[in-house]
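Here it is in structure tokens:
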């Protein structure tokens, strides 16, 4: 779970206080449909308030979300790329995917001779999985997909 996030707002012009958006810490700022409230984190950065959800996600929790909502996830997240989508379609998933969050991830891992160790797990472009997503969603019912870029 994220405990602190450093975020510098990029809206508007530089204010007399040196902030580019003209707002002070703790003020509200609307970005598209989301209302953001930022508070000081212990490390001096900003901690945006958001919606905290645990996995597996319930249908009701997902239906309450709106475009632009800031969501903090805790729990198990399944990483998948295009090849994992295809393998799941052919062989079935290695675990139950109902209610889980699928993360389109391009991991960087190192093998030490016995085990794999993930060094980085950044998002990968989701558009590559767009044609595979409907089958995955219908057959295995994950509740959310996280990735880079857009789909559909």
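Numbering (the numbering used here), first residue to last: 5 to 156. Where a beta carbon is used, it is the ideal one built from N, C-alpha and C, also for glycine.
What are the boundary residues of the alpha helix (DSSP H) that residue i is part of?
i, result
"residue 139", "137–144"
"residue 92", "86–95"
How far does the beta strand (DSSP E) with residue i in it reach, from first residue to last?
i, result
"residue 66", "Note, residue 66: premise wrong, no beta strand (DSSP E); alpha helix (DSSP H) at 63–67."
"residue 131", "Looking at the DSSP string, residue 131 is not in any beta strand (DSSP E), and its letter there is neither H nor E."
"residue 114", "105–115"
"residue 57", "55–58"
By Cβ distance, which residues of its chain are closer than 7 Å to residue i, with the 5 residues on each side in sequence left out?
i, result
"residue 80", "59, 104"
"residue 97", "144"
"residue 164", "Only positions 5 to 156 of the chain appear in this structure, which leaves residue 164 out of reach."
"residue 125", "83, 109, 111"
"residue 139", "93"
For residue i, which residues from the same chain have a beta carbon less than 6 Å from its beta carbon, with the 5 sequence-adjacent residues on both sides left out?
i, result
"residue 149", "106"
"residue 55", "73, 75"
"residue 28", "For residue 28, the pLDDT reaches just 46, beneath the cut-off of 50, and the residue's location in the model is therefore unreliable, although a value from the coordinates is still provided. Closer than 6 Å at the Cβ level, and outside the excluded window around residue 28, lies no residue."
"residue 129", "152, 153"
Can you give the beta carbon distance from residue i to residue j, rounded, assuming they're within the 8 Å contact cut?
i, j, result
"residue 109", "residue 92", "Not really, about 15 Å apart at Cβ, beyond 8 Å."
"residue 66", "residue 142", "Between residue 142 and residue 66 the Cβ distance is about 16 Å, and since that is not below 8 Å, they are no contact."
Residue i by DSSP, collapsed to three states: which one?
i, result
"residue 80", "coil"
"residue 126", "strand"
Here's a check: name, in chain order, each residue in its chain whose Cβ is nearer than 8 Å to the Cβ of residue i, leaving out the five neighbours to either side.
i, result
"residue 90", "136"
"residue 69", "55, 75"
"residue 114", "120, 121, 123"
"residue 155", "130, 131, 133, 134, 137, 149"
"residue 127", "107, 108, 109, 110, 150, 151, 152"
"residue 57", "65, 75, 76, 77, 78"
Flag residue i as yes when its Cβ comes closer than 7 Å to any non-hydrogen atom of the ligand ZN, and as no otherwise.
i, result
"residue 104", "Among the components modelled here there is no ligand, and therefore nothing to report on the ligand ZN."
Is any beta-carbon of chain B found at less than 8 Å from that of residue i?
i, result
"residue 87", "Protein chains in the displayed structure number just one, and chain B is not present."
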